[in-house]
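Student: Quick one: the structure is below, and I'll ask about it shortly.
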Amino acid sequence: MKVVIITTEPSGDYLGYHLIKSLKKLKPKYKIYGVGGELMKSTGFKSWINMHNFNTIGIIEVLIRIIKFIKLLNFICNKIKKVNPEILITIDSPSFSYRLVEKLQMLRKKRTKFIHYVAPTVWAWKSYRSKIFARLYDEMYTLFDFEPKYFTKYNLKTKFVGHQIFFEKSKLLKKQKILCFLPGSREVEIINNLKILKNIIKKIKINYPEFKIYILTFLNHKNIILNSVKNLDISIVTNFSNKQYIMKRSFLAIAASGSVTLELSKYRTPTIVVYKTNFLTQLILKKFVKVKYASIINIVNKREVIPEFIFQDFTEKNVYSEIKNIIKNNFIRKKQITAMNKFCKKMLSNNQNPSDLIVKNL
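Per my numbering, the sequence shown starts with residue 44, numbered consecutively.
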């Protein structure tokens with residue numbers, strides 16, 4: 044049995060890594076092919092291309108690099124045709140994923156089962172994608188329990204499995220005087236966010252010298268960050284295990300909106316969410332996005348559990364003021380942690396390993 048797994052971003056690499064581990068445990072005779080990142084490759088998986096080729100974000104950035112993306116799409120499409128797998132699993136990256144499987148429907152008609160893992164956020168924007176995914180896929184697995192209804196109404200077999208982050212057991216550690224900054228997972232995002240974050244870091248170093256500051260990132264982004272924060276005495280951490288340890292120990296995290304906020308919730312680390320993009324993407328998102336919040340913990344709770352500074356609200360003054368409030372006021376921290384406790388209990392399907400659930404259903 045041949046399985047192809049395709050993911051183009053770090054959050055998908057994490058899920059793909061655990062999916063491969065479950066495949067090797069439960070279906071050891073399956074042969075695995077596809078595209079993934081460093082975590083997936085650590086299992087012995089050989090990626091057809093470097094996942095960092097997809098290192099972009101936002102509508103405008105994608106348009107600028109459209110020719111490159113078409114070439115990558117066609118290359119991966121041809122690789123899948125040659126393998127001719129029994130199962131194709133795409134993880135997250137909805138815009139890329141549906142365009143890929145749209146070109147491969149002839150395989151689906153013959154024998155290949157098409158599965159998508161991580162539902163597109165149709166509840167936030169571009170709700171028409173529910174119909175597209177229902178037409179192109181055989182099955183879908185979701186991270187959140189409120190998502191299946193958006194796809195089952197179009198007769199797509201959809202199951203809530205929960206998020207792998209919350210299944211992985213992790214001891215809660217005592218917080219230390221550490222502030223960690225997570226500026227994002229993509230190059231453009233990091234550059235945009237650091238323009239403001241570096242000035243905040245300077246203020247913290249002057250006014251709160253007792254705090255150790257870390258920036259957590261990926262190895263391929265280290266030089267970008269070094270250039271952005273040169274002359275500042277900051278530790279930049281790229282090792283996966285070390286990043287996890289620092290997140291667990293941090294008194295406070297300042298993080299770009301994304302899946303890392305789930306991990307910070309798991310570690311009960313108080314968090315401030317920030318996000319900056321180019322002006323045109325910002326205008327488009329403001330017009331079409333249907334939810335009030337950016338981070339999933341706030342969306343699920345329907346209120347601002349963790350403070351968010353998005354687009355024009357993401358200013359040096361606003362974020363630094365909130366950092367001061369959280370450092371000074373322990374009640375604010377405790378309130379966040381209490382909300383995180385409740386949130387984390389909701390995030391698993393019957394306390395089962397999400398990757399195992401998917402593999403057992405293959």
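Where a beta carbon is used, it is the ideal one built from N, C-alpha and C, also for glycine.
Would you mind sorting PRO71 into buried or exposed? The rule is 16 or more other CB atoms within 10 Å of its CB.
Tutor: Flag for PRO71 reads exposed.
Student: Per the contact definition of three or more C-beta pairs closer than 8 Å, is the stretch 181-201 in contact with the stretch 351-370?
Tutor: No: fewer than three Cβ pairs fall under 8 Å.
Student: Quick one: Cα of TYR318 to Cα of ASN117, how far?
Tutor: Distance between the alpha carbons of TYR318 and ASN117 is about 32 Å.
Student: Spell out a yes or no on whether the stretch 381-393 and the stretch 334-345 are touching, meaning 3 or more CB-CB pairs, one atom from each, closer than 8 Å.
Tutor: Yes, they touch.
Student: I'd like the list of long-range same chain contacts for THR358, defined as Cβ closer than 8 Å, with 5 residues on each side in sequence excluded.
Tutor: The answer, listed in chain order, is ILE239 and PHE352.
Student: If you draw a straight line from the alpha carbon of LYS169 to that of LYS200, how long is it in whole angstroms?
Tutor: Going from the Cα of LYS169 to the Cα of LYS200 covers about 20 Å.
Student: Since I believe ARG292 is in contact with GLN219 (beta carbons under 8 Å), could you give me their beta-carbon distance rounded to a whole number of angstroms?
Tutor: Right, the Cβ-Cβ distance comes to about 5 Å (below 8 Å), so this counts as a contact.
Student: What separation, rounded to the nearest whole angstrom, lies between the Cα atoms of LYS196 and VAL161?
Tutor: If you take the alpha carbons of LYS196 and VAL161, they lie about 17 Å apart.
Student: What does the alpha-carbon distance come out to for the pair ILE175 and LYS125?
Tutor: Using only the alpha carbons, I get a separation of about 25 Å.
Student: By Cβ distance, which residues of its chain are closer than 7 Å to ILE75, with the 5 residues on each side in sequence left out?
Tutor: Counting only Cβ-Cβ distances below 7 Å, and skipping sequence neighbours, we find VAL46, ILE48, ILE63, LEU66 and PHE88.
Student: Within the continuous beta strand (DSSP E) that includes SER187, where are the two ends?
Tutor: Contrary to the premise, residue 187 reads as Phe rather than Ser in this sequence. Careful: PHE187 lies outside any beta strand (DSSP E) and carries neither H nor E.
Student: For LEU259, does the count of other Cβ atoms within 10 angstroms reach 16, so buried, or fall short, so exposed?
Tutor: By the 10 Å Cβ count, LEU259 comes out buried.
Student: In chain order, what are the residue ranges of uninterrupted beta strand (DSSP E) at least 3 long that sit wholly in the stretch 48-114?
Tutor: Here the runs fully enclosed are 74-78.
Student: What do you reckon, are the CB atoms on THR155 and PRO137 nearer than 8 Å?
Tutor: Against a cut-off of 8 Å, the Cβ pair of PRO137 and THR155 comes out as no contact.
Student: Whole angstroms are fine: how far does the CA of SER302 sit from the CA of PHE224?
Tutor: Whole-angstrom Cα-Cα distance: 14 Å.
Student: For THR320 and THR381, I'd like the C-alpha separation in whole angstroms.
Tutor: Their Cα atoms are separated by approximately 31 Å.
Student: In terms of residue numbering, what span does the beta strand (DSSP E) encompassing SER278 cover?
Tutor: Where SER278 is concerned, the enclosing beta strand (DSSP E) stretches over 278-280.
Student: At what residues does the beta strand (DSSP E) containing GLU351 begin and finish?
Tutor: It spans 351-353 - the beta strand (DSSP E) in which GLU351 sits, taken as one unbroken run.
Student: Rounded to whole angstroms, what is the Cα-Cα separation between ILE339 and LEU305?
Tutor: Cα to Cα, ILE339 sits roughly 8 Å from LEU305.
Student: According to DSSP, is GLU182 part of a helix, a strand, or is it coil?
Tutor: Three-state DSSP puts GLU182 in a strand.
Student: Work out the CA separation of ALA337 and ASN393 for me, nearest whole Å.
Tutor: Approximately 27 Å between the Cα atoms of the pair.
Student: Alpha carbon to alpha carbon, how far is LYS377 from ASN266? Give it in angstroms, no decimals.
Tutor: Straight-line Cα distance between these residues: approximately 36 Å.
Student: In the DSSP assignment, find the alpha helix (DSSP H) that holds LEU307 and state where it starts and stops.
Tutor: LEU307 -> alpha helix (DSSP H) spans 303-309.
Student: Tell me the rounded alpha-carbon separation between THR133 and ASN250.
Tutor: Going from the Cα of THR133 to the Cα of ASN250 covers about 47 Å.
Student: Could you work out which residue in ILE110, GLY55 and LEU69 is closest to LYS84 when comparing CA atoms only?
Tutor: Checked all of ILE110, GLY55 and LEU69; the closest Cα to LYS84 is GLY55.
Student: To which residues of the same chain is LEU222 closer than 6 Å at the C-beta, ignoring the five residues directly before and after it?
Tutor: Cβ within range, chain order: PHE254, ILE256 and LEU295.
Student: Residues in its own chain within less than 7 Å of ALA299 by CB, not counting five upstream and five downstream?
Tutor: Excluding sequence neighbours, ALA299 sits near LEU225, PRO226, GLY227, GLU232, ASN236, VAL317 and TYR318.
Student: In the DSSP output, which residue or residues are listed as bridge partners for PHE203?
Tutor: DSSP lists THR185 as partners of PHE203.
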